[in-house]
Structure formats: structure tokens, C-alpha cells
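Heads up: the sequence shown begins at 1 in the UniProt record's numbering, then just goes up one per residue. From the three backbone atoms N, C-alpha and C, an ideal C-beta is built for every residue, glycine too. Note sheet for the following structure.
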Amino acid sequence: MTDGNRNGGGEAYPANGRVVLHVDMNAFYCSVHEAEEPDKYAGKPTAVAGSVELRKGIIVTSSYAARRRGVKTGMTVREGLQRCRELILITPDFDLYRQYSRGFLGVVRQYTPLVESVSIDECYLDITGSKQFGTPLEIADAIQSRIRSEWTLPCSIGIAPNKLLAKIASDMKKPNGVTVLRLRDVPRLLWDKPCDSLFGVGRKTAEKLRRMNLHTIGQLAAADELLLVKQFGVHGHWLKSAAYGIDHSPVNPVREKNKSIGHTTTLPQDVTHRGEAHRILLNLADQTARRLRRQKLMASGVQITIRTPDMKTITRSATLPVPVESADVIHAEACRLYDRHWRADSPVRLLGITLQGLKERDETVVQLDLFDYGSQPKKEALIRAMDALRDKFGENAVLTAGMLGDDPSTRIRNHRIRGTSLQLDEHLLYIDD
1 MTDGNRNGGG
11 EAYPANGRVV
21 LHVDMNAFYC
31 SVHEAEEPDK
41 YAGKPTAVAG
51 SVELRKGIIV
61 TSSYAARRRG
71 VKTGMTVREG
81 LQRCRELILI
91 TPDFDLYRQY
101 SRGFLGVVRQ
111 YTPLVESVSI
121 DECYLDITGS
131 KQFGTPLEIA
141 DAIQSRIRSE
151 WTLPCSIGIA
161 PNKLLAKIAS
171 DMKKPNGVTV
181 LRLRDVPRLL
191 WDKPCDSLFG
201 VGRKTAEKLR
211 RMNLHTIGQL
221 AAADELLLVK
231 QFGVHGHWLK
241 SAAYGIDHSP
251 VNPVREKNKS
261 IGHTTTLPQD
271 VTHRGEAHRI
281 LLNLADQTAR
291 RLRRQKLMAS
301 GVQITIRTPD
311 MKTITRSATL
321 PVPVESADVI
331 HAEACRLYDR
341 HWRADSPVRL
351 LGITLQGLKE
361 RDETVVQLDL
371 FDYGSQPKKE
381 ALIRAMDALR
391 DKFGENAVLT
401 AGMLGDDPST
411 RIRNHRIRGT
421 SLQLDEHLLY
431 IDD
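Printed below as a string of C-alpha cells:
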């Protein structure tokens, strides 16, 4: 039930059960720029893109005016301009986005301490204990109104008994929608939709379900649970429950520690030369190692991500003999994986490095090389000194020769323009002012 018919939103809180909101900021990055410079951007087709100067790269997001002209996220800038000649390209400013993110989170936290921030532009709220602020619909309306008046940002809000349905509800009407979705509404509103419209069902799972002749959520709900478990393991139980709108996961205000740390960079031109790929991997390794040390962690695994011009993605990983925190070791392993699994002349559109198997440094036993025992403390001291200089004077204060150059991987040292897809450190995004 959506904006046009919200009678159910004013019902009393359930005697048993929860009330969960999902707040989703609409076209967040473009909306932030519109809030900052309304005379320049309000109502116009805009897009935040990775390389505005070169008019190349990928569109990160687009305004609703641009979307109506066919401009979509993930599209190349060139294709976006072909579809909309009036498209205004905007350089990303992630420091500004974080400021606005902290702003709208500050609003929602005034209604409940149970706020789970899941990305820079969306969060869940458990308002079961927030009756003093009114009905669930009144709270949602108040939050939406305050975010609009205090931060000049549009948002959509879903109201439901759990996180799964709240997320689905917030997607039902954009922009500026408020949607109530109850368990009893699921068969009528969801069962005729394709399985991949169910949040948590990705492309591969949807393809597998289609091979099982399960095309809609209703067919998934009617499927034999044992057969689903046989095909998907324990995930089969979740699929069956989700098709009925059942989700017991709590709204968790405490962020889990990163299970991995990663950086990726989309390249404005395809890379085919192995040496150039190695240099890009060096910049990626440098920043992943920096964040690793900043969080006082060590990694025991390295994974590389390679994406081709036709958007096919492969990942390859390796386990390290001992946990590490050094960019040199990470870079060497990433290059080894690249050389082993990628043909030298094959074009690459995106490269990434992800560190896995993270452990607290203080809890990690560092194995010293018998032949390198004397120099190990000196290497660690040098790394700490370089970190201190870069913390004080910026990421470009101390660089190795191999890190110099003019490619997008050098841009990840700029916190202002690097994106949330880079798994930003917690202190960069979630600090409360």
C-alpha cells in the first residue's frame, strides 16, 4: 500500500512484532549537488561521473530528470551523452556526500537508537519502542519532512514488520514515497513479481531458480523447501521464508568489523600492457595496506578483481603463508595472480585488490624470516614513519617512483573523490559530528 492509500499506516503498533523503517535517499549524490547549488542543478538532467574532465568513464548515478532521458547508473559517459545531450556531468565529492549522510542519519537517530546504517544513503530503523513520537506513518512523515527541510534532500521510506519488507517497500514509490507493506499484503503485491525483485536474490540465484521453473515470488513460495535446500544449501530455507515476507534479522546499530578491505578503479581506457596493470595494482595495494594498518589489522589473503570492457568480472585469490600489512607483499601477490590468470594482451576495464582473512595485529603472530630478522624492525619503522608523514601532510606526501603517473588508480589517494565502493574506513563515513 503506497502514498495514494495509506490508511493502514495509522494503525496501532503490533502487540507482538516489530515496526521497521527503511530510509532510502533518492538519487543521493545528484540530490546533494542540487541541494548545494539549486540554481545550477535543480530539475536538470545531471550525472555524477568518474572522469568529467575527460568525458570518459562510468556514470555513478544520475538524477531523475536524466533517468527519464534514459541515462542509467553503470552506463558509460559517452553513452549517457548520446542519450541526453543536455546531460550535466558532475565530479564526485565524497567528503560532501559524507557530510550530508551524517546529517540525515542525525535526523533519524532522534527517533530511535536502533539505527543500522547500511550504506552512505540508506538505513534501517526499529521504531517498535518509539510510540511517543506517534504512529509509524506519522514518524515516517516527520522524518521525510525534516530531511527535506533541514537537508533539502528527497527520500523514500518503507514501513514494514521486518527489514526485508521495509527495503522492498521503500523501492515501491520513488522519489518521495512512503509505503506500508504488511505480511498479509505479500501474496497480493509481491507474488506475481519475478524472483530477482526479491531483495537478496541476485542474478545467479535468479538464473538457477528459472532453471527450476521458478519464475515468480509466488512460485518460489509454493516450491518444495527440501528441493530448495538441495539446490541452495541453507540459503534455500531463507529463500522459502523470504518469499512469504518473513525475516527475523535484527536492526543492528553496531557496525560489524570489515571482513575484507578493498579498492577498485575503473579505467577510462582499456589497459592491455602488463607493466601498466602492475603500476595500477601498486597504487591499489598501497591504499589497501594503508587502511589495513590504520585499522591495526593484518591480512592473510589477497584477491584481485578484473573486469573486461563487456563487463564480465573475474576474481582470483591466494592465501598468504603469513599475515601481512606491507604494500610490497600485497602488490607482489596481486601481480602474480594477474600474470598467472590473465593473458597479457587482453583488455581490462577495471582492476581491484581485496584483502581477506583480517586479524587484529596485536593478536597475530608475525613470523620473522631467519635471513631478514635484523632488517625487519627497520622496515616496520620506515612504514610507520611514512604513514605518519602521509597522515599529517596527505597521501601524496611520500610516494615510491612506481606510484607516480596519471591514471585513475592515483585518484584513490584523494578522499574527496573516491567512492563508497572502496569500503571507506569507518571514521571517514560514520563519525557523528
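- Here Glu-150 carries a helix assignment [DSSP, helix/strand/coil].
- Three or more beta-carbon pairs separated by less than 8 Å link the region 213-233 to the region 176-193, which places the two stretches in contact.
- In the three-state reduction of the DSSP assignment, Val-108 falls in the helix class.
- Closest option to Gln-110, judged by alpha-carbon separation, among Arg-98, Ile-127 and Pro-321: Ile-127.
- DSSP lists Thr-76 as the bridge partner or partners of Ile-58.
- Fewer than three pairs of CB atoms, one per stretch, sit closer than 8 Å, so the region 223-241 makes no contact with the region 305-325.
- In the structure shown, Glu-37 adopts coil according to DSSP, grouped into three states.
- Look at Lys-359 here: in three-state DSSP terms it is strand.
- Residue range 327-341 is occupied by the alpha helix (DSSP H) that includes Cys-335.
- By the beta-carbon neighbour count (other beta carbons within 10 angstroms, threshold 16), Lys-163 is buried.
- Beta bridge pairing from DSSP links Gln-303 with Ser-317 and Thr-354.
- For Ala-160, the beta-bridge partners assigned by DSSP are Val-20.
- Using a Cβ-Cβ distance cut-off of 8 Å, the region 26-42 and the region 133-147 are not in contact, since fewer than three pairs of beta carbons, one from each stretch, lie closer than that value.
- Contact between the region 59-66 and the region 32-47 is present, with at least three C-beta pairs closer than 8 Å.
- Using a C-beta cut-off of 8 Å, the region 321-331 makes contact with the region 283-291, since at least three inter-stretch Cβ pairs fall below that distance.
- Residue state for Ala-344 is assigned as coil, using DSSP reduced to three classes.
- Pairing Ala-299 with Val-348 gives a Cβ-Cβ distance that is not under 8 Å.
- According to the DSSP secondary-structure assignment, Val-115 is paired through a beta bridge with Leu-125.
- In this chain, Asp-247 is not harboured by any alpha helix (DSSP H), its DSSP state being neither H nor E.
- It is roughly 40 Å from the alpha-carbon of Met-311 to the alpha-carbon of Arg-146.
- Annotation for Pro-309: no alpha helix (DSSP H) segment contains it, and DSSP assigns it neither H nor E.
- A Cβ-Cβ contact shorter than 8 Å links Thr-265 with Leu-351.
- In this structure, Val-19 and Tyr-13 form a Cβ contact; the two beta carbons are roughly 6 Å apart against a cut-off of 8 Å.
- In the three-state reduction of the DSSP assignment, Thr-266 falls in the strand class.
- In this structure the region 176-183 does not lie against the region 196-211, because fewer than three pairs of beta carbons, one per stretch, are closer than 8 Å.
- For Gly-357, the closest C-alpha among the options His-331, Pro-321 and Lys-173 is that of Pro-321.
- Within the DSSP secondary-structure output, Cys-155 pairs in a beta bridge with Met-25.
- Contact annotation, Thr-73 with Val-60: C-beta distance approximately 7 Å; criterion of less than 8 Å satisfied.
- If you draw a straight line from the Cα of Arg-279 to the Cα of Ala-285, it is about 10 Å long.
- DSSP, read as helix, strand or coil, puts Arg-182 in coil.
- For Val-324, the secondary structure class from DSSP, reduced to helix, strand or coil, is strand.
- Its Cα nearest to that of Ser-241, the residue Ala-221 stands out among Pro-253, Ala-221, Ser-249 and Asn-252.
- Counting the other CB atoms within 10 Å of its CB gives Val-115 a total of 16 or more, which places it among the buried residues.
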